[in-house]
Amino acid sequence: MIAGIILVSLNLRPAITSLGPLLPQIEKDLRLSGTGAGLLTMLPVLCLGVFAGLGPALRHRFGEDRVLLGCLPVLLAGILVRLLHPTALLYVGTVVIGGAIAVANVVLPSLIKREFADRVPLMMATYTMALTFGGAAAAGAVIPLESVVDTDWRGSLGLLAVPVVVGVVAWLPYGRRAVRTSAGGRAPVRPLLRDRLAWLVTAFVGLEALLAYVIFGWLPAICVDRGLSEEAAGYMMSAITFLQAAGSMLVPFFVDRGGRGQRGFCVVVSLGTAVGLIGVVAAPMWSIWLWAVVLGIVGGAAFSLALTLIGLRAGDGDSASGLSSMSQGVGYALAAAGPFGVGALHQLSGGWGVPLSVLVGLCVLMAVTGLGAGRDATLSLRR
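In numbering that gives the first Met the number 0, the protein residues as written are 0 to 382.
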């Protein structure tokens with residue numbers, strides 16, 4: 000099953016991350032306005048939040064294994080639909096892709112909690128490493144693939160269907176079996192909204208997502224403003240993305256099942272993100288790559304830790320599914336708003352000092368919420 004989880008996870012970011020490098024070609028070919036292009040990049044993140052609420056209901060009705068098997072063909076359909084004419088189908092396909100990934104994002108932590116309850120940190124780290132690596136590889140490969148295969152942006156995006164088919168084949172043996180999600184009736188998710196621990200985990204996940212999307216959205220512009228070439232800024236972002244895959248594997252070594260290690264590591268990744276941001280924005284130019292390495296490693300560890308906390312704080316599969324839906328729904332809503340907020344602050348202030356101050360403050364807030372989310376306690380919807 001571990002190999003199946005890895006193959007599924009590898010497919011949960013390429014359809015999103017591949018859009019960025021191809022966006023200039025898509026804008027020119029389809030004559031998209033700036034608003035239309037911005038909507039295209041924002042839609043997947045919004046969908047990750049909006050459709051996360053479907054995860055618990057689908058999981059209860061069909062079980063984690065079958066839901067994941069269903070998500071992959073839907074993802075495949077979305078990839079193919081956005082290649083078609085007219086232009087509106089590009090947006091329709093993007094929404095379908097975002098919906099499929101959102102549900103899979105919610106169900107996978109529940110599956111890991113069910114199958115690997117005694118190895119949650121290690122399996123969450125493996126899941127996030129595969130997810131991050133898949134996204135980074137796709138972002139770096141779509142442009143070269145155009146030359147290798149002698150195709151345009153549609154052909155390059157269409158090739159992403161191949162690994163999805165491989166994922167379907169790999170997951171088919173698990174998706175065809177019937178696994179009961181709980182012994183009783185459906186556990187209500189609403190009690191989580193009144194649970195302090197659930198909100199602390201949600202706040203940590205949300206702040207991590209917001210900071211991550213701000214970094215990916217604005218770091219290249221910050222580096223160019225500081226004197227780095229656009230090409231070098233692009234290489235830096237690629238390096239950060241691949242370093243995140245390595246950083247995600249740090250979590251099992253520093254996070255034990257007790258609260259002390261988890262709380263301490265929450266503070267480390269939060270303040271480490273603040274240090275990396277300060278370094279990139281304000282440190283001497285000769286050191287900018289060093290701070291980019293810090294952001295990459297710490298960012299990967301923070302992402303893996305956020306998902307690991309969902310599994311560790313949930314006392315059972317129902318709770319893991321509900322907490323995953325709640326935290327990722329709120330988290331990706333914050334993530335969608337973050338880049339716009341930073342852009343507005345930059346425009347109003349005329350520099351990066353004010354946005355940096357706000358982001359550092361959010362890192363401190365993330366550390367504070369991590370102290371609560373990392374304590375040795377669990378919540379359960381079955382009580």
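Backbone N, C-alpha and C define an ideal beta-carbon position, used for all residues, glycine too.
Every value quoted in this text rests on a predicted model; they were computed, and no experiment measured them.
(request) Measure the Cβ-Cβ separation of G205 and A332 and say whether it is below 9 Å. (result) Yes, the Cβ-Cβ distance between G205 and A332 is below 9 Å.
(request) Give the straight-line distance between the Cα atoms of S181 and G316, rounded to the nearest whole angstrom. (result) Its pLDDT being 49, under 50, S181 is placed unreliably in this model, and the value from its coordinates should be taken loosely. For S181 and G316, the distance between alpha carbons rounds to 8 Å.
(message) On the criterion of 16 or more Cβ atoms from any shown chain inside 10 Å, does D28 qualify as buried, or is it exposed?
(response) By the neighbour-count rule (16 or more Cβ atoms within 10 Å), D28 is not buried but exposed.
(message) Measuring only the C-alpha atoms, how far is G184 from R12?
(response) Bear in mind that the predicted position of G184 carries a pLDDT of just 45, short of 50, making it too unreliable to give a figure here.
(message) Just to confirm my understanding: we take A439, look at its own chain, exclude 5 residues before and 5 after, and list those with CB closer than 6 Å. What are they?
(response) Nothing can be reported for residue 439: it is not among the residues displayed for the chain, which extend from 0 to 382.
(request) Could you give the DSSP three-state label for L11: helix, strand or coil? (result) L11 falls in the coil class under three-state DSSP.
(request) Examine the Cβ distances between the region 293-312 and the region 112-125 and report whether three or more of them are shorter than 8 Å. (result) Yes, they touch.
(request) Could you check which residue in V353, F115, V329 has the C-alpha nearest to that of G340? (result) Of the candidates V353, F115, V329, the one whose C-alpha sits nearest the C-alpha of G340 is V353.
(request) For A313, name the three-state secondary structure that DSSP assigns. (result) Collapsing the DSSP output to three states places A313 in a strand.
(request) Within the same chain, show all residues whose beta-carbon is closer than 7 Å to that of S17, passing over the 5 residues directly before and after it, in chain order. (result) Answer for S17: A137, A138, V141, L156, L159, listed in chain order.
(message) Classify A335: buried if its beta carbon has 16 or more other beta carbons within 10 angstroms, exposed otherwise.
(response) It counts as buried.
(message) I'd like to know if the region 109-118 and the region 221-236 are in contact, where contact means that at least 3 CB-CB pairs between them fall below 8 Å.
(response) Note that the region 109-118 does not touch the region 221-236; fewer than 3 beta-carbon pairs, one per stretch, sit closer than 8 Å.
(message) Measuring alpha carbon to alpha carbon, tell me which residue in G19, M0, S326 is nearest S237.
(response) Measuring from the Cα of S237, the nearest candidate turns out to be G19.
(message) I need the DSSP call for L31, collapsed to helix, strand or coil.
(response) The answer is coil: DSSP assigns L31 none of H, G, I, E or B.
(request) Determine contact between the region 288-298 and the region 262-272, defined as no fewer than three beta-carbon pairs at a distance below 8 Å. (result) Taking 8 Å as the limit for Cβ pairs, the verdict is that the region 262-272 does touch the region 288-298.
(request) Report the rounded CA-to-CA distance for E145 versus L22, giving the unit in angstroms. (result) Taking the CA atoms as reference points, E145 sits about 14 Å from L22.
(request) Go through its chain and collect everything with a Cβ distance to A76's Cβ below 7 Å, but skip five positions before and after it. (result) When the five nearest sequence neighbours on each side are left out, the beta carbons in the same chain lying within less than 7 Å of the beta carbon of A76 are those of V95, in order along the chain.
(request) Work out the CA separation of S318 and R58 for me, nearest whole Å. (result) In this structure, the alpha-carbon of R58 lies about 12 Å from that of S318.
(message) Once DSSP output is grouped into helix, strand and coil, what is the label at L378?
(response) The three-state secondary structure of L378, taken from DSSP, is strand.
(message) Restricting to Cα atoms, I'd like to know which of G350, F252, V292, W217 is closest to L304.
(response) Of the candidates G350, F252, V292, W217, F252 places its Cα closest to the Cα of L304.
(request) Taking I424 as the reference, give the member of S32, L9, P43, A2 with the closest Cα. (result) With the chain covering only 0 through 382, there is no way to say anything about residue 424.
(request) Tell me whether G371 sits in a helix, a strand or coil according to DSSP, three-state version. (result) The answer is helix: DSSP assigns G371 an H, G or I state.
(message) Here's a check: name, in chain order, each residue in its chain whose Cβ is nearer than 6 Å to the Cβ of C70, leaving out the five neighbours to either side.
(response) Excluding sequence neighbours, C70 sits near A99, V102, A103.
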